[in-house]
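Report on the following structure.
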Amino acid sequence: MFRALLPRETSFFDFFEHHAQVTVEGARELLALATETGPIEPRARRIKEIEHENDVITHQCVDALHRTFITPIDRHDIHRLISRMDDVIDLVDGAADRMRLYELTPIRPEVKEFAEILVQATQLVEKAVHGLRNMKGEAAIKAACIEINRLENDGDALFRRAVLALFRETNDAIFVIKWKEVFVDLEAATDRCEDVANLVEGILLEHA
Amino acid sequence: MFRALLPRETSFFDFFEHHAQVTVEGARELLALATETGPIEPRARRIKEIEHENDVITHQCVDALHRTFITPIDRHDIHRLISRMDDVIDLVDGAADRMRLYELTPIRPEVKEFAEILVQATQLVEKAVHGLRNMKGEAAIKAACIEINRLENDGDALFRRAVLALFRETNDAIFVIKWKEVFVDLEAATDRCEDVANLVEGILLEHA
Amino acid sequence: MFRALLPRETSFFDFFEHHAQVTVEGARELLALATETGPIEPRARRIKEIEHENDVITHQCVDALHRTFITPIDRHDIHRLISRMDDVIDLVDGAADRMRLYELTPIRPEVKEFAEILVQATQLVEKAVHGLRNMKGEAAIKAACIEINRLENDGDALFRRAVLALFRETNDAIFVIKWKEVFVDLEAATDRCEDVANLVEGILLEHA
């Protein structure tokens, strides 16, 4: 009877999974933006909508946290996890916004490579947070986290390659500065995926 | 009798509140620096003094932490909170120092806008850490944290606008690099205010 | 009998100490790279090997964490500590890699100064994590952490000085951008040493 007054414990996992799904969609929009030849405005606008969508989920999650007496995993961890998850799409939006504002067309090929890494990494984040729901399949969650770490290393190497290509192709420092801002955001987005993987691994360590 | 040997528990809240007040003063100095037409050295020097003042408070707080057996909130959280709080003024000092070193006059108008955001955000941090003292007024603390989050979003948007304005006004890449360093520091200062808000929200979740 | 099934608790301290020793070696290679006049490739390659070596230690440590029922210190803290420790050599490798890729010779004098700071800071990290093993010599550990904080401040000041020197010597913005990337990595490496010191201080607070 009393328990009926409490939100269902699983709702936090619903927030994580929904948020992760929406982030994957954002990464896919970035991939489309990088692959298509038309104007980037529509895709950049869609990414901003997705970013807002995830802001709403994040706020609902934190709100639920304030109203819930017993949480399935440590409160701090829930808070940290949803916050780090939310950083990923913020940075993808930052990159898209900068390409739009600075009118950076044509889109450089490394954006597509970053988008491919991010589609994979966000899908693995989705898998990892899904695994938290029942704390089963520990090996599969760990494998996803290790793979996210590997993708983050790829992101690092890609960033260095992307910037080196800029230096080799142009002496226009302003052009370099603008594109570097885009690549910094995209590389940071892969870093935040790794942070999420590390948090999930940490939560798993507490419960497994 | 035994309790008399322990530092008063509330001292940690004294450290938080004192530190927060001094940081507000630092943000106000930045606003004065950005608004006045005279040389910026005196204001930049005052900000550095304020930064040192807060270093002392931070070290006293951490020291007290080592000497206290029972803390009113989790030890890790006290340590993290005072450290993140201390980052704000470090970054404000970084921005002022760069404007001084690079002789960046006239001060660009976005510095005033950042300073206005930072005065508001640091006042809200002051309010939030004050609220921790008795864990009352949970709604008011949460409202302060949400408002800090909103200001951080404003800081993000302002950063993009400030940099776009640079690109539109000049082809002098060195000038762009110098001013970008200042804006990066100021935007990071609003980020650290948000980190503090998130920490306060997390502490509240543990105790409310 | 049952305890024989558990990994020895002290193994985590073995991981920390081994990792810290290897990182000191990396900092020394950077110092050699900055001091010698020959080509930097061999030293940069050796730093990358060291970085891989530490990746292996980090993975072994996290793996052991998954297989251990009772840990001598909080699981989260072990995970966070080895992760932050691993960031230091990643950033040293990043700096060396960029100098190599961008063919940045001659090496600017501030690289040597950064390397000297990093040799000291990583030796202090080694000392601090060694102290964790028996939680004795609290004063000595704290002194090491305070000294690391001081070195991080030196790193900050050195970064500003290094960049100011670039602005004073050249109008070649691309040259400035390349060297700034190197200095950003080196300054971030000192920041990560400070993060490690803060974590050690936090662990000490829990156990002392």
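Residue numbers (the numbering used here), protein chains in the order written: chain A, 159 to 366; chain B, 159 to 366; chain C, 159 to 366. Think of the CB as a built atom: it goes at the ideal place given N, C-alpha and C, for glycine as much as any other residue. If you're wondering where the values come from, they're calculated on a predicted model, not measured in any experiment.
- When secondary structure is reduced to three states using DSSP, residue 200 of chain B falls in the helix class.
- By the CB criterion at 9 Å, residue 254 of chain C and residue 316 of chain C fall outside the cutoff.
- In the three-state scheme derived from DSSP, where H, G and I count as helix and E and B as strand, residue 338 of chain C is classed as helix.
- Taking a Cβ-Cβ cut-off of 8 Å, residue 198 of chain B has no neighbours in chain C, whose nearest Cβ is about 16 Å from it.
- Any Cβ of chain A closer than 9 Å to the Cβ of residue 318 of chain B would place that residue at the interface, and such an atom is present.
- Rounded to whole angstroms, the gap between the alpha carbons of residue 230 of chain B and residue 303 of chain B is 21 Å.
- One thing to note: residue 178 of chain A has its Cβ within 9 Å of the Cβ of residue 284 of chain A.
- Contact with chain A is found for residue 331 of chain B, since one of that chain's Cβ atoms lies less than 9 Å from the residue's Cβ.
- When secondary structure is reduced to three states using DSSP, residue 267 of chain A falls in the helix class.
- In the displayed model, residue 255 of chain B falls within a helix according to three-state DSSP.
- Residue 272 of chain A sits close to residue 341 of chain A, with the two beta carbons spaced by under 9 Å.
- With a cutoff of 9 Å on beta-carbon distance, residue 222 of chain C and residue 268 of chain C are scored as not near each other.
- With a cutoff of 9 Å on beta-carbon distance, residue 262 of chain B and residue 344 of chain B are scored as not near each other.
- Boundaries cannot be given for residue 328 of chain B, as no alpha helix (DSSP H) includes it and DSSP labels it neither H nor E.
- Residues of chain C with a Cβ closer than 9 Å to the Cβ of residue 364 of chain A are, in chain order, 233 and 234.
- In this structure, DSSP gives residue 232 of chain A a state outside helix and strand, which the three-state scheme calls coil.
- Remark: C-beta atoms of residue 318 of chain B and residue 242 of chain B do not approach each other more closely than 9 Å.
- With fewer than 16 other Cβ atoms from the protein chains shown falling within 10 Å of its own Cβ, residue 196 of chain B counts as exposed.
- Using a CB distance below 8 Å, the part of the stretch 335-346 of chain A facing chain B consists of 335, 336 and 339, ordered along the chain.
- 248, 252, 255, 256, 259 and 260: these are the residues of the stretch 243-264 of chain C whose beta carbon lies less than 9 Å from some beta carbon of chain A, given in chain order.
- Distance from the CA of residue 299 of chain C to the CA of residue 287 of chain B, rounded to the nearest whole angstrom, comes to 30 Å.
- By the neighbour-count criterion, in which 16 or more other beta carbons inside 10 Å mark a residue as buried, residue 346 of chain C falls on the buried side.
- In this structure the stretch 353-362 of chain C lies against the stretch 232-239 of chain C, because at least three pairs of beta carbons, one per stretch, are closer than 8 Å.
- Its Cα nearest to that of residue 215 of chain B, the residue B:180 stands out among B:180, B:295 and B:291.
- With contacts defined as CB atoms closer than 9 Å, residue 252 of chain A and residue 314 of chain B qualify as a contacting pair.
- When rounded, the separation of the alpha-carbon atoms in residue 270 of chain C and residue 246 of chain A is 36 Å.
- Within the stretch 182-193 of chain C, no residue has a Cβ lying closer than 9 Å to any Cβ of chain A.
- Under the three-state reduction of DSSP output, residue 289 of chain A falls in the helix class.
- DSSP places residue 195 of chain C in no alpha helix (DSSP H); its state is neither H nor E.
- The residue among A:202, A:172 and A:171 with its C-alpha nearest the C-alpha of residue 186 of chain A is A:202.
- Nearest in C-alpha terms to residue 328 of chain C, of all of B:198, B:274, B:332 and B:248, is B:332.
- Interface flag for residue 356 of chain A against chain C is set, since a Cβ pair is found closer than 9 Å.
- Closer than 9 Å to the CB of residue 300 of chain C there is at least one CB belonging to chain B.
- Exclusion of the five residues before and after residue 361 of chain C leaves 231, 232, 235, 239 and 290 as the residues of its chain whose Cβ lies within less than 8 Å of its Cβ.
- Judged by their CB atoms, residue 266 of chain A and residue 337 of chain A are nearer to each other than the 9 Å cut-off.
- The DSSP-derived three-state label of residue 360 of chain C is helix.
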